Amino acid sequence: MNRSTSLIRRHKTAMGAGLACVAALGTFATATGANAATAPAHTAHTHTAGAARTGNTPYVVNHYGEENADRGKAERSPKNLVLSEFTSAGDLNWKQWNAKKAVATGKITGNWCLETCLDKPLKGTLTLSDPKTVNGKKVFSSFTLKLAGGSGAYDSEDLQGKHPLATS
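All letters in the sequence shown, in the order written, are residues 4 to 171 by the numbering used here.
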């Protein structure tokens, strides 16, 4: 095999891997977009989740929906939340939201379970923590996710311990 053939083969392999990644992300984005189309326009709950809201109560930066994909939106008690590039939470029912942490139960999906949980999301508990001030606004900077019944067959980094959360 000559050098030119080897180089072409490597380029084709790299392009194939890139296209596979784009296809997987496109599938996830399409599903998320379809869910966004059925979600109410106002995604934040108006109840206080058992805590009085003050100027000291943190927000969460949410990249859910096309309008927030590139630039997140600071929200409190959102109905849907993008946790990472791999995982999203929907139908969130906030049990607690105070100056130190926020806790909700909801439906969890991720590109780590597209075959299984895209049509039937997994139930889980989400905890937001570690508030910090970013651009003059207090926001949660970490999340922990626990699936009902444990992570089971899912070997996903987002399901193991505490992880950083987008803050801008």
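All C-beta atoms, glycine included, are put in the ideal place defined by N, C-alpha and C. All of these numbers come straight from a predicted model, not from anything done at the bench.
Collapsed DSSP secondary structure at residue i in the structure displayed
i    : result
S161 : Sequence inspection shows Asp at residue 161; the Ser mentioned does not correspond to that position. Residue state, collapsed to three classes: helix.
N138 : coil
T119 : helix
E88  : coil
N101 : coil
N83  : coil
N59  : coil
C-beta atoms of residue i and residue j nearer than 8 Å
i    : j    : result
L129 : L148 : yes
L95  : G109 : yes
L170 : S144 : Before going on, a small fix: residue 170 reads as Thr here, not Leu. It is a contact, given that the beta carbons lie within the stated cut-off.
A77  : Y62  : yes
I111 : L121 : no
Neighbourhood of residue i by C-beta distance below 6 Å, restricted to the same chain and skipping five residues each side
i    : result
A54  : Its pLDDT being 45, under 50, A54 is placed unreliably by the model, and the measurement read from it follows with that caveat. Excluding residues within five positions, the ones whose Cβ falls inside 6 Å are W100 and N101.
V106 : K98, Q99 and T130
P134 : P61, K141 and F143
K165 : S145 and T147
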